[in-house]
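Numbering (our numbering), first residue to last: 127 to 457. Ideal placement from N, C-alpha and C gives every residue a C-beta, glycine not left out. Below: the structure, in structure tokens.
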């Protein structure tokens, strides 16, 4: 019997503007370079998690959690590199939002902590939000979460949004049609991707819209560092709105397309998109909405916390040893 698969995408390497109802959960954002950190609690351990819609579920840092059993779960990175991981079940909370008996994969994330100079309890993936709408707002430095309405009806008809598009989900990652150059492509939205990534098979056809060509390095789940072609890609349009040129890596995405259900994607959008647009996703109705920030968003939100190394993990009691619990995804 094949092991279940949890996708992870690391790159070194939406609700909507919700009317602020009493049942909307507001999560303050802290930035670690280009990572969005939100505070959460897994069992008795509270600290910061990376918001990562490129991962399907909950990923916990093996530095702070231990499992009493080994499940043989397999995790795959964006390039398809496999890694065997342990799992456990935890009660997970993002303020008022709670997931009882949530399955989590244990992955060592110490290299992320070293690179970002911050303690990271784990990653919160897109599959946790299948009943939710989410807004990411860098002007207010907030993530808004709210349960989607009955039947998944959309809240995305707000006039504040300039583009509203249908999406599909690839293991929890929102995917949409995006115009690049002179044709449309299917791109996923990974909130933990520091650069955009496009399949290297598409590079030649996008060559006329590339500038500042060069190479960059990124690290995947296997911790191996890869050197890939890079550049700034212009002529990118989502719905009726155009994006400023975005830093883009060209890499092999066949692994993620082969291993995970959902549409085959041509690339992944990340922070380069989020810094330009307020983004809202309704995971239940499968709709995404975007609107440009009316004032410039400020690259100072990148690394503005980088010089501050404070302890952002605290434990209510005892060591963070987690026991398996009954699996309940609240579906």
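At the level of alpha carbons, what is the spacing between residue i and residue j?
| i | j | result |
| --- | --- | --- |
| residue 341 | residue 376 | 9 Å |
| residue 401 | residue 297 | 24 Å |
| residue 308 | residue 417 | 23 Å |
| residue 344 | residue 353 | 7 Å |
| residue 248 | residue 338 | 34 Å |
| residue 233 | residue 183 | 12 Å |
| residue 274 | residue 380 | 33 Å |
| residue 326 | residue 378 | 6 Å |
| residue 351 | residue 357 | 18 Å |
| residue 409 | residue 382 | 20 Å |
| residue 330 | residue 369 | 20 Å |
| residue 269 | residue 405 | 10 Å |
| residue 295 | residue 267 | 26 Å |
| residue 256 | residue 185 | 16 Å |
| residue 355 | residue 310 | 21 Å |
| residue 171 | residue 250 | 15 Å |
| residue 363 | residue 165 | 33 Å |
Would you mind stating whether residue i and residue j have Cβ atoms separated by less than 8 Å?
| i | j | result |
| --- | --- | --- |
| residue 120 | residue 414 | Past the edges of the chain, shown from 127 to 457, lies residue 120, and the structure says nothing about it. |
| residue 214 | residue 230 | yes |
| residue 412 | residue 324 | no |
| residue 162 | residue 259 | no |
| residue 390 | residue 262 | no |
| residue 306 | residue 291 | no |
| residue 288 | residue 367 | yes |
| residue 403 | residue 265 | no |
| residue 176 | residue 246 | yes |
| residue 335 | residue 361 | yes |
| residue 271 | residue 212 | no |
Using C-beta distances below 7 Å, list every residue in its chain close to residue i, excluding the 5 sequence neighbours before and after it, in chain order.
| i | result |
| --- | --- |
| residue 397 | 160, 319, 320 |
| residue 299 | 179, 180, 252, 314, 315, 316 |
| residue 221 | 151, 153 |
| residue 428 | Low per-residue confidence applies at residue 428: pLDDT is 45, beneath 50, and the placement is therefore not dependable, though the value from the model is reported in the following sentence. 157, 159, 160, listed in sequence order. |
| residue 242 | 158, 159, 161 |
| residue 388 | 294, 295, 296, 297, 301 |
Excluding the five sequence neighbours on either side, which residues of its own chain have a C-beta within less than 6 Å of the C-beta of residue i, listed in chain order?
| i | result |
| --- | --- |
| residue 328 | 392 |
| residue 244 | 158 |
| residue 372 | 322, 359, 398 |
| residue 167 | 219 |
| residue 235 | 187, 246 |
Tell me the DSSP secondary structure of residue i in three-state form.
| i | result |
| --- | --- |
| residue 379 | coil |
| residue 219 | strand |
| residue 235 | coil |
| residue 463 | In the structure as shown, the chain starts at 127 and stops at 457, and residue 463 therefore has no counterpart that could be examined. |
| residue 241 | helix |
| residue 247 | coil |
| residue 432 | At residue 432, the pLDDT of 38 sits below 50, so the modelled position is not reliable; the number obtained from the coordinates is stated separately. In this structure, residue 432 counts as coil in the three-state DSSP scheme. |
| residue 373 | strand |
| residue 179 | coil |
| residue 260 | strand |
| residue 161 | strand |
| residue 190 | coil |
| residue 364 | strand |
| residue 168 | strand |
| residue 139 | With a pLDDT of 38 at residue 139, under the threshold of 50, the predicted position of this residue should be treated as unreliable, though the coordinate-derived value follows. Here residue 139 sits in coil by DSSP. |
| residue 156 | strand |
| residue 226 | strand |
| residue 296 | strand |
| residue 274 | coil |
| residue 265 | coil |
| residue 174 | strand |
Looking only at its own chain, which residues have a Cβ that is under 8 Å from the Cβ of residue i, when we skip the five neighbours before and after it?
| i | result |
| --- | --- |
| residue 189 | 234, 235, 236, 239 |
| residue 332 | 306, 307, 324, 359 |
| residue 365 | 288, 289, 290, 291, 416 |
- Query: Along the chain, which unbroken stretches of the alpha helix (DSSP H) at least 4 residues long are found entirely within the segment 381-416?
  - Reply: 397-400
- Quick one: complete alpha helix (DSSP H) runs, 4+ long, within the segment 301-361? Taken in chain order, the complete alpha helix (DSSP H) segments of 4 or more residues contained in the segment 301-361 are 329-332.
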